[in-house]
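Written below as structure tokens is the structure these notes are about.
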Amino acid sequence: AAALDPETRKLTEEREVLGPAYRLFYRNPVHLVKGRGSHLWDADGVEYLDVYNNVASVGHCHPRVVEAITRQASLLNTHTRYLHENILNYAQDILSTMPGPIDRIMFQCTGSEANDLAVRVAQAYTGGEGVIVTHEAYHGNSALTSKLSPALGTAQTLGLKMRMVPTPDTYRFEIDGKPAESCSAETFGAWMTAEVRKAVADMERHGVKFAAFLADSIFSSDGVYPDPVGYLQPVIDTVHELGGVWIADEVQPGFTRTGDAFWGFERQGIVPDLVTSGKPMANGLPTSLMAARHEVLEPFAGSIPYFNTFGGNPVCMAAAQATLDVMRDEDTMGNAKRVGALFKAAVASLQNVHPCIGDVRGAGLYIGCEIVKPGTTDPDQQAALDILETLRDNHVLTSVCGRYGNILKLRPPLVFSEDDVDWFMDAFTKTLTTLKL
Ligand code: PMP
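Residue numbers (the UniProt record's numbering): 18 to 454.
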């Protein structure tokens, strides 16, 4: 490992106070002090390209969001037991981006809290308890959602009331152990529908009534599987037929990320029963949402009070509103579509030269790049980690996802530009050449 400079070593050692659960990125950790757009600077003034952070959705420190936060913070910040315009105006505005039947919204601070609440709402509505998630899903860190997050490791997920369905892996799609001939929406949808049926049948065999399918329509932590569009419809129809609801976890695909629609579920053409989101919503302030059809919300909310000290406060709502305004005014959806397509094509163009790139897929500015052993579809996690570290040395920040940790997760702020794609491609080409991959 590279020798750390004294300041980095000091800060790294001081982090012991945080305990061992905190994990830093990189052997040579990055100490960031400033951000703007898709660019970040470290304490020595070195500039980095951010190809990872979806929280700074409209770009780090967007001046309009900073101004909205500053203005509201200097006037008032308090909880939601008093009247305030910010929460009501934002509630109306964000609901106007969703299909009509979704007409109620509640605010929290994190995606974990939003999913936690959504599961409780789904359980009250259906009278069931069982929840289905995908094999590598991550839905949060609360007592409830950590048990619905297999990505955290199996010890967390042995809950009797949770069942997993396989990752919808279009790259290695097999039926009965053989590579499937086609991965059309029809065959893929039929396969996943059968998996959901099996999971519900197993739940019921153990006396657990089915409540919800909790899934992110881009299957981000599973490894980025946005396609084929249309395959989720029969899956969700089956969820409904079996008495459950779909909680669309929009933490990753929502807020224009896919370039095709404001919401991931919209891209798939489905109206969910419950919607959750967080990360990209307020450009960095801890703000999340859970939206629902009013009849789905009623059995829970009609009997159980809900108070969230910080959720929906005027400062967070001002930040969320400014973020939404910027998304519209700067057309982040159009940018995600246009630059995302260029980005994906550029990365895919390296496949001929660098056989470690097995598959490049994605939607808008959410791209997954499979690093494999050449000539196979076998994941190469070590190569992926070497790429991450070398990209970092070349001043590009990104990460990996998927079961084997071999899929580069390319997910920059939504203001990523063509010049940023060029910067990435230079660094990526240099990295793969240096590593002889
Ligand atoms: N759902 C998904 C799909 C996520 O990716 C995350 C966070 N990575 C969460 C939920 C949890 O969000 P938070 O960290 O804000 O609690």
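Every residue, glycine too, gets a C-beta built ideally from N, C-alpha and C.
In its chain, beyond the 5 residues on either side, ALA85, ASN103, ASN106, TYR107, ASP110 have a beta carbon closer than 8 Å to the beta carbon of GLN338. Ligand 1 approaches SER305 closely enough that one of its heavy atoms is under 7 Å from the residue's Cβ.
Closer than 7 Å to some heavy atom of ligand 1: that describes the Cβ of GLY128.
For LYS426, the uninterrupted beta strand (DSSP E) segment begins and ends at 424–427. Contact holds between the stretch 66–77 and the stretch 418–432, because three or more Cβ pairs, one in each stretch, are under 8 Å apart.
Look at VAL292: its beta carbon is at least 7 Å from all of the heavy atoms in ligand 1. The beta carbons of ARG81 and PHE317 sit no closer together than 8 Å. Comparing alpha-carbon positions, the option among LYS361, ASP395, LEU405 lying closest to ILE384 turns out to be LYS361. Between LEU66 and PHE441 a beta carbon distance of about 6 Å is seen, short of the 8 Å cut, so the two are scored as contacting.
When DSSP states are grouped into helix, strand and coil, VAL417 belongs to the strand group. According to the DSSP assignment, ARG32 belongs to no alpha helix (DSSP H), since it is labelled neither H nor E. Residues HIS311 of the same chain have their beta carbon placed closer than 6 Å to that of ASP120, with the five preceding and five following residues left out of the count. Closest by C-alpha distance to GLN140, out of LEU314, PRO322, ALA168, SER416, is LEU314. VAL50 and TRP263 have their C-alpha atoms spaced approximately 40 Å apart. In this structure the stretch 249–266 lies against the stretch 211–231, because at least three pairs of beta carbons, one per stretch, are closer than 8 Å. Under the 10 Å beta carbon count, LYS164 is surrounded by 16 or more other beta carbons and is classified as buried. By the Cβ neighbour-count rule, PRO185 is buried, with 16 or more other Cβ atoms within 10 Å of its own. A distance below 7 Å between beta-carbons, with the five flanking residues on each side excluded, links LEU21 to the following residues of its chain, in chain order: THR29, ASN45.
Around the C-beta of VAL34, fewer than 16 other C-beta atoms lie within 10 Å, and the residue is accordingly described as exposed. Under a 10 Å Cβ-count criterion, THR87 is classified as exposed, with fewer than 16 other Cβ atoms of the shown protein chains found around its own Cβ. No Cβ-Cβ contact shorter than 8 Å links ASP266 with THR151. Taking C-beta atoms as the reference points, GLY357 and GLY247 fail to come closer than 8 Å. Put simply, the backbone Cα of ALA400 is about 10 Å away from that of THR407. Distances from the CB of GLY281 to the heavy atoms of ligand 1 are all 7 Å or more.
Cα atoms of LYS426 and ARG420: separation of roughly 13 Å, rounded to the nearest angstrom.
Cβ contact annotation for ASN325 (same chain, cutoff 6 Å, sequence separation greater than five): GLN125, in chain order.
Non-local C-beta neighbours of TYR43 in its own chain, meaning closer than 8 Å and more than five positions away in sequence, comprise LEU405, GLU406, ARG409, ordered along the chain. For GLY52, the enclosing beta strand (DSSP E) stretches over residues 49–53. CYS373 is positioned such that its CB atom lies closer than 8 Å to that of ASP397. For VAL377, the CB contacts under 8 Å within the same chain, skipping 5 residues up- and downstream, are LYS361, VAL364, ALA365, GLN368, ILE384, GLY385, CYS386, GLU387 in chain order.
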